[in-house]
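Residue numbers for the sequence shown follow my numbering, so the first one is 458 and each next one is one higher. Reading through the structure tokens given below for one structure.
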Amino acid sequence: MQISNGLARAIGLAAILAPSALFAQSNDIPARVDKIFARFDRNTPGCAVALGKDGRALYTHGYGSANLEYGIPLTDSSVMESGSVAKQFTAAAMVLLSQDGKLSLDDDIRKYLPEVPNFGKTIVIRNLLTHTSGLRDQWGLLGIEGRGPGTQVHSPHTTLDLVAHQKMLNFPPGSAYLYSNTGYALAALIIERVSGKTLQEFTQTRLFVPLGMSHTLWRDDFARVVPNRATAYAPAGQGFHTDMPFTNMVGNGGVLSTMADLLKWNENFDNTTVGGATLTPTLQTQMRLTNGRTITYALGLERLVYDGVNEVGHSGSTAGYRTFLARYPDQHVSVAVWCSNASVNPTALAHQVADVVLTKPPRTQAAVIPAVHQTRAELSQWSGTYRDMMTDQVTTLVSNDSALTGGATQVFIPIGTERFRTAAGQVQFTRAGKLRAFILARVNGDTGHFEEVKASPKTLPVADYIGRYASDELDVVLNVVARDGNVVITRRPDDEIALRPTYADDFQGSGGLGSVRFSRDAKGGVTGFSIFAGRVLDVRFKRTK
């Protein structure tokens, strides 16, 4: 019997829509997947999983509880939140607008967001979508102000206001990669301004409805009642406490969806019904930096190799939700693991699920540069404290009889007079007079530069730091005070952050402050400090009194 193209497509769509039991074959897929999630029960928040191959849903299931207070089980149709998995939906919406001729991915963002300052270098839309804009991460900036998640309701307009007051970037646009949620919040605003519709309206019309994703929407109103939504939790003592995202921030996160809908989304990459022939290759094109290095990040997707198999996917987290969505395009396999439990690693679980059906190449022994013998005295010439010149993160190296160690996990194994290998990549030490430094050539092609710093004095000059400090980029005043011979920063009377000395004039903070590095004038007086907080670099505060 000959089947029409329309009927064939209907059968294929029905396969995705139908319950997983429809595809239960004479194999052990359900049993093997169930075993992976066996630790989740009615007393724990859990996970939903979807496994698909060749456009079919092989198995979808839920484990654990969707609500601990009411004893509601979590199922494969429970609605959960995406975290950063949402970035691919924002990127796809932007690509659709470029296909419509409404914008170009290489347009200056100030064409659509004139509120963004002129930083002297052009930031294009593609920079926003590949984390190469240099814009500081919104959560890092809000953390410094003490206005992070859970303290107030945020939206993309919160992000735009933050950016409008910035004077500096982390780095020149396109020159480096540093993950930044700011770019995707701004992308959401560009989509709304260009399309004349909210992000919810545009994606419903152009993406979700055409693909039959009937349970997918943006959490642009955190108070909206969403049927069948699983409550998110985080560990607390011997149990859990509720950890829901009370925010209206979308674009960089905030998609609500189900397992069946996610399989439909992934299938569109392999058999495109929305976006045409150029959507998938555009979204999967990795970014090339100005130094010529191609990074693993594309547009809302990361291209990696898992155990010898090409993987295209993204992970995410928001409040207590933890998520992972991936495709293995060479074998037409899709996997989704979305959890309402902050203690879970969904990527590791998803890889175990993918292992059930993936065909992997034989394992090959990677060539390892052999170690060379160095005496403890030879190794000790590189012992000391070094700072990452970009992030201000500090590592202290100590020599033993066979290697240099930095903390509990870093091991520098000698492979030459001044060369070492580590799990992160190869290290080359240099010396210019008394100053020591090293370059870390990471396995992903990135390069880190570290310089030696002077250790903190045994007696801290606490009085030097006491004062009031303000930034012309952030709406916060930080006061440095002394507490029992230690340095403490106060944001408000009930908000104190102790600073732990790391090297001379440099301290490690908490509460969103990260690394705090004080600066001095030619006479040795403290004039201010800079904050380096992960995805936020060199935010400067001036001493005002």
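All residues carry an ideal CB built from backbone N, CA and C; glycine is no exception.
Cβ neighbour criterion (16 or more within 10 Å) applied to residue i
{"i": "A465", "result": "Low local confidence applies: a pLDDT of 38 at A465 is under 50, so the model's placement there is unreliable, and no value is given."}
{"i": "H698", "result": "exposed"}
{"i": "L892", "result": "exposed"}
{"i": "E572", "result": "exposed"}
{"i": "M906", "result": "Going by the sequence as given, residue 906 is His instead of Met. Answer is exposed; the Cβ neighbour count stays below 16."}
{"i": "S928", "result": "buried"}
{"i": "T729", "result": "exposed"}
{"i": "G591", "result": "buried"}
{"i": "I582", "result": "buried"}
{"i": "V712", "result": "buried"}
{"i": "K544", "result": "buried"}
{"i": "L994", "result": "buried"}
{"i": "G981", "result": "exposed"}
{"i": "R604", "result": "buried"}
{"i": "N584", "result": "buried"}
{"i": "A514", "result": "buried"}
{"i": "V666", "result": "exposed"}
{"i": "Y960", "result": "buried"}
{"i": "S967", "result": "exposed"}
{"i": "R949", "result": "exposed"}
{"i": "S561", "result": "exposed"}
{"i": "Q595", "result": "buried"}
{"i": "D849", "result": "buried"}
{"i": "R676", "result": "buried"}
{"i": "A717", "result": "buried"}
{"i": "A1006", "result": "Shown here, the chain extends from 458 to 1002; a query on residue 1006 therefore has no answer."}
Beta-ladder partner(s) of residue i, from DSSP
{"i": "H771", "result": "L782"}
{"i": "P958", "result": "F964"}
{"i": "Q867", "result": "G863"}
{"i": "I529", "result": "N524"}
{"i": "K999", "result": "A927 and G985"}
{"i": "G696", "result": "A693"}
{"i": "A793", "result": "A507 and L782"}
{"i": "P606", "result": "Q609"}
{"i": "L674", "result": "L713"}
{"i": "N798", "result": "Y690"}
{"i": "V810", "result": "BP columns for V810 are empty, so no partner."}
{"i": "V993", "result": "A990"}
Element boundaries [beta strand (DSSP E), containing residue i]
{"i": "G863", "result": "L861 to G863"}
{"i": "I988", "result": "V983 to A990"}
{"i": "F659", "result": "It is not in any beta strand (DSSP E) - F659 instead sits in the alpha helix (DSSP H) that spans L656 to T660."}
{"i": "L592", "result": "Where L592 is concerned, there is no enclosing beta strand (DSSP E), given that its DSSP letter is neither H nor E."}
{"i": "V851", "result": "V851 to S856"}
{"i": "T842", "result": "G841 to D845"}
{"i": "L585", "result": "Here L585 belongs to no beta strand (DSSP E); instead the alpha helix (DSSP H) covers I582 to T587."}
{"i": "S714", "result": "V712 to S714"}
{"i": "R977", "result": "S972 to R977"}
Extent of the continuous alpha helix (DSSP H) to which residue i belongs
{"i": "S837", "result": "R833 to S837"}
{"i": "V814", "result": "First-last for V814: undefined, no H or E at that position."}
{"i": "D491", "result": "I486 to I493"}
Uninterrupted beta strand (DSSP E) stretches inside the stretch 874–918 (no shorter than 3 residues): 876–878, 882–889, 892–899 and 904–909
4 or more residues per run - each alpha helix (DSSP H) lying fully within the stretch 610–650: 613–621
contact_flag[the stretch 490–509, the stretch 719–739] where n(CB pairs < 8 Å) is 3 or more: yes
Complete runs of the beta strand (DSSP E) confined to the stretch 920–952 [at least 3 residues]: 924–927, 934–940 and 943–949
Every unbroken beta strand (DSSP E) inside the stretch 727–772 [3 residues or more]: 759–763
The stretch 821–837 in contact with the stretch 495–504 per 3-pair CB rule at 8 Å: no
Segments assigned beta strand (DSSP E), at least 3 residues, entirely inside the stretch 496–573: 504–510, 513–520 and 522–524
Cβ pair count under 8 Å reaching 3, the stretch 618–628 against the stretch 662–677: no
Any 3 or more C-beta pairs closer than 8 Å across the stretch 682–697 and the stretch 745–761: no
Stretch pair the stretch 548–564 + the stretch 647–660: three plus CB contacts closer than 8 Å: yes
Inter-stretch contact (C-beta, 8 Å, three-pair minimum) for the stretch 627–634 and the stretch 735–747: yes
contact_flag[the stretch 836–847, the stretch 789–807] where n(CB pairs < 8 Å) is 3 or more: no
Cβ contact check for the stretch 800–816 and the stretch 827–843: 3 or more pairs under 8 Å: no
The stretch 941–955 contacting the stretch 916–927, beta-carbon criterion three pairs below 8 Å: yes
Touching by the beta-carbon criterion (3+ pairs, under 8 Å), the stretch 636–648 and the stretch 681–690: no
Any 3 or more C-beta pairs closer than 8 Å across the stretch 528–539 and the stretch 772–780: yes
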